[in-house]
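A short write-up of the structure that comes next.
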Amino acid sequence: QWIMSRLQTLKSNVASQMKGYRLYNVVPQLFSFIEDLTNWYIRLNRSRFWGESVTADKISAYSTLYTALVELSQVMAPFAPFLSEHLYRQLALLSGKPPSPESVHLCDYPRSEDNYVKPQLEEAVDQMQQVVLLGRQKREEVKIGLRTPLASLTVVNRDQQLLDEMQALDGYIAEELNVRKVSYSADEGAYIELVAKPNFPLLGKRLGKRMKMFTKAIGALNSEQINELQTKGVISIDDEHFSDQEIQVLQQARPGTNTVSNSRIAVDLDCDLTPELVRGGHAREMVNRVQRARKDLGFEVSDRIHVSYDCSGDLALAAHEHSTYIMSETLALEFVGESLASSGESAGEQASDVVEAQIDGESFKFVITKAADA
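Under my numbering, think of the first position of the sequence shown as 1, with each following residue one higher.
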């Protein structure tokens, strides 16, 4: 529903810009949609695309992607004619039918379909994207990689309706930031302090010599006054009226919190690591090493495999605790611990050499063999 709504917004925006002959504004719109389609819709739906059986959900995911790509090729045809034609024809080949019309440049230009437009959903996903970027920023700040799970994350925004919309996206936030629990709070004051600062380029011209006096007065605004500015869009200081464009409201984390903000939304990330969370990170590192080896060995992405591994200590415990997860992520039919010293061959299977990797300074050895029935 989100990507279909984004598609309609793209068509509407492009039509509006073209009608006003502002063609220079169209390409950024195209890039923004392609970013959303590839790095969000496709990436977040990988499990739907790669499901083993043909389900209604899988068909829906592919149908939505097909529609988005066909209409994208039509929207960008005047701006990227050769790429659009290539995309249009390749999609026709995938459908098993000759393209109709024969060329993308013979198609009617697509129009926005209002019944697919969901502005609140688009806003919620946009905020979800901001949350993910802030969460990654905080992880980098505390030097905890994305493969190590964290206990919880709290999304902070005073708009309760927006938070309610975002709750439908819990799974995506948890997966992207690798957190066990996502919660929401409209109590911004518990996590952030609002600070008002003058927009000097705008106010400097208007206030002139009085700028220094009002800079001090704006900086002294309390939380209630700042909330009034945000709610009404205007505030009076010493009989002078200021708009929310002339006064910028910044968000700062309260002491003792792990909050980060971009002035639109804030997140508080629990950065405390337990041994169990660390082992979860080890399991993800194992998946990463096996996936790399699959690629190096030239396996197809759909090939089923058998994995034998050799490790000790916390790595062995992590492998045992998370064996089901590791198998599902690597398409392994078996994930078996045994002593590995060298490569070998088993009946009906072609064995690779022993791969040795380092995870947190500990050795993780494994052998991949392609399943006989794969």
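Glycine residues also receive a C-beta, built at the ideal position from the N, C-alpha and C atoms.
Start-to-end residues for the alpha helix (DSSP H) that takes in D303: Within the sequence shown, residue 303 is the residue found at index 303, counting from 1. D303 -> no alpha helix (DSSP H), and no H or E assigned at all.
task: Starting from F49, trace the alpha helix (DSSP H) both ways and give me its first and last residue.
output: Taking the sequence shown and counting its residues from 1, the one referred to as residue 49 is at position 49. Segment 46-49, the alpha helix (DSSP H) holding F49.
- prompt: Which stretch, first to last residue, makes up the beta strand (DSSP E) that contains P198?
  reply: For this step, residue 198 is matched to residue 198 along the sequence shown. Note, P198: beta strand (DSSP E), 192-198.
task: Return the first residue and the last residue of the beta strand (DSSP E) that E240 is part of.
output: As a first step, residue 240 is located in the sequence shown; it is residue number 240 there, counting from the start. Its beta strand (DSSP E) spans residues 240-243.
Other residues of its chain near N178: CB distance less than 6 Å, five sequence neighbours each side excluded: On the sequence shown, position 178 is the one that residue 178 refers to. If we look at N178 and ignore the five residues flanking it on each side, its Cβ neighbours are L146, P149.
message: My output table needs one value for S12: the three-state DSSP class, helix, strand or coil.
response: Residue 12 sits at position 12 when you count from the first residue of the sequence shown. Here S12 sits in helix by DSSP.
message: Within 8 Å, do at least three Cβ pairs link the stretch 219-230 to the stretch 255-266?
response: no
- request: Please state whether DSSP places E356 in a helix, a strand or coil.
  value: Along the sequence shown, one-based indexing puts residue 356 at 356. Correct three-state label for E356: strand.
message: Just to confirm the assignment, what range does the beta strand (DSSP E) spanning D268 have?
response: Numbered from its first residue, the sequence shown carries residue 268 at position 268. That run of the beta strand (DSSP E) goes 266-269.
task: Check whether the Cβ atoms of E165 and L121 sit closer than 9 Å, and answer yes or no.
output: Here the question's residue 165 lines up with position 165 in the sequence shown. Here the question's residue 121 lines up with position 121 in the sequence shown. Result yes, Cβ atoms of E165 and L121 sit closer than 9 Å.
query: Do S100 and A92 have their C-beta atoms within less than 9 Å of each other?
result: As a first step, residue 100 must be located in the sequence shown, where it is residue number 100. As a first step, residue 92 must be located in the sequence shown, where it is residue number 92. Yes. Within cutoff.
field: Helix, strand or coil at R180 according to DSSP, with G and I counted as helix
entry: Sequence index remark: in the sequence shown, residue 180 carries index 180 (1-based). In this structure, R180 counts as strand in the three-state DSSP scheme.
- prompt: Which parts of the stretch 59-147 are runs of the beta strand (DSSP E), unbroken and 3 residues or longer, counting only runs that do not cross its ends?
  reply: none
message: Taking its Cβ as the centre, do 16 or more other Cβ atoms sit within 10 Å of A134, making it buried, or is it exposed?
response: Stepping through the sequence shown from its first residue, residue 134 is reached at position 134. The question names Ala, yet the displayed sequence has Leu at residue 134. Classification of L134: buried, given that the 10 Å Cβ count is 16 or more.
Distance, S302 Cα to R6 Cα: Mapped onto the sequence shown, residue 6 falls at position 6. Mapped onto the sequence shown, residue 302 falls at position 302. The straight-line gap from Cα to Cα measures roughly 31 Å.
Where Q161 falls: helix, strand or coil (DSSP): Position 161 of the sequence shown, counted from the first residue, corresponds to residue 161. If DSSP states are grouped into helix, strand and coil, Q161 belongs with the helices.
query: Can you round the beta-carbon distance between T330 and Q291 to whole angstroms, since I take them to be within the 8 Å contact cut?
result: Translated into positions along the sequence shown, residue 330 becomes position 330. Translated into positions along the sequence shown, residue 291 becomes position 291. Contact flag correct, Cβ pair sits at about 6 Å.
query: Leaving out five residues before and five after E176 in sequence, what residues of the same chain have Cβ atoms less than 7 Å from its Cβ?
result: Looking up residue 176 in the sequence shown gives position 176. The residues are V132.
- request: Determine the closest residue to S112 out of N45, E71, L250, with distance taken between C-alpha atoms.
  value: In the sequence shown, the residue the question calls residue 112 occupies position 112. Out of N45, E71, L250, E71 has the C-alpha closest to the C-alpha of S112.
field: A332 versus A357, E193, V367, L153, residue with shortest Cα-Cα distance
entry: Along the sequence shown, one-based indexing puts residue 332 at 332. For the residues A357, E193, V367, L153, the minimum Cα distance to A332 belongs to V367.
message: Looking at S223: is its Cβ nearer than 9 Å to the Cβ of L194?
response: If you number the sequence shown from 1, residue 223 lands on position 223. If you number the sequence shown from 1, residue 194 lands on position 194. Yes; because the gap between Cβ atoms is below 9 Å, this pair is in contact.
- prompt: Excluding five sequence neighbours on each side, which residues of the same chain lie with their C-beta closer than 8 Å to the C-beta of Y191?
  reply: Indexing the sequence shown from 1 puts residue 191 at position 191. Within the same chain, Y191 has close Cβ partners T154, V156, S185, A253, R254, T257, T259, A266, D268.
query: Counting pairs of Cβ atoms below 8 Å between the stretch 275-283 and the stretch 307-327, do you hit three or more?
result: yes
task: Please go through the same chain and pick out, in chain order, the residues whose beta-carbon is closer than 6 Å to the beta-carbon of Q358, but skip the five residues on each side of it.
output: On the sequence shown, residue 358 is found 358 positions in, with the first residue counted as 1. Excluding positions up to five away in sequence, the list is empty.
message: Please identify the residue among S47, F82, K118 whose C-alpha is closest to the C-alpha of W2.
response: On the sequence shown, residue 2 is found 2 positions in, with the first residue counted as 1. Of the candidates S47, F82, K118, the one whose C-alpha sits nearest the C-alpha of W2 is K118.
- prompt: Are L162 and A124 closer than 9 Å when you measure CB to CB?
  reply: In the sequence shown, the residue the question calls residue 162 occupies position 162. In the sequence shown, the residue the question calls residue 124 occupies position 124. In contact: L162 and A124 (Cβ atoms closer than 9 Å).
message: Please state whether the Cβ-Cβ distance between S47 and Y66 is less than 9 Å.
response: Working through the sequence shown from its first residue, we reach residue 47 at position 47. Working through the sequence shown from its first residue, we reach residue 66 at position 66. Contact flag unset, no.
Neighbour-count burial assignment, D114, 16 or more Cβ in a 10 Å radius: Taking the sequence shown and counting its residues from 1, one reaches residue 114 at position 114. It is exposed - the Cβ of D114 has fewer than 16 other Cβ atoms within 10 Å.
- prompt: With distances taken from CA atoms, which of H306, S328, D360, G361 is nearest E338?
  reply: Counted from its first residue, the sequence shown places residue 338 at position 338. Nearest of H306, S328, D360, G361 to E338, Cα basis: H306.
message: Let me make sure I understand the geometry here. Which of K205, N199, G233, A77 has the alpha-carbon closest to that of G219?
response: By 1-based counting over the sequence shown, the position of residue 219 is 219. If we check each option's Cα against that of G219, N199 comes out closest.
- request: Just confirm the distance between the C-beta atoms of V75 and P110, as a whole number of angstroms; I'd bet it's less than 8 Å.
  value: To locate residue 75, count along the sequence shown from 1; it is residue 75. To locate residue 110, count along the sequence shown from 1; it is residue 110. Contact holds; Cβ gap of about 6 Å.
For I173, the nearest candidate out of Y21, E362, R43, D159 (CA to CA): Sequence index remark: in the sequence shown, residue 173 carries index 173 (1-based). Measuring from the Cα of I173, the nearest candidate turns out to be R43.
task: Give the DSSP-derived three-state secondary structure of E285 in the structure shown.
output: Translated into positions along the sequence shown, residue 285 becomes position 285. It is helical.
Buried or exposed by the 16-neighbour rule on C-beta atoms within 10 Å, applied to Y21: By 1-based counting over the sequence shown, the position of residue 21 is 21. Exposed, since its Cβ has fewer than 16 Cβ neighbours within 10 Å.
- request: Determine the extent of the alpha helix (DSSP H) in which T215 is found, giving its start and end residues.
  value: The sequence position of residue 215 within the sequence shown is 215, counting from 1. Segment 211-219, the alpha helix (DSSP H) holding T215.
- request: Determine, using beta carbons only, whether D310 and S363 come nearer to each other than 9 Å.
  value: Taking the first residue of the sequence shown as 1, we reach residue 310 at position 310. Taking the first residue of the sequence shown as 1, we reach residue 363 at position 363. Going by C-beta atoms, D310 is nearer than 9 Å to S363.
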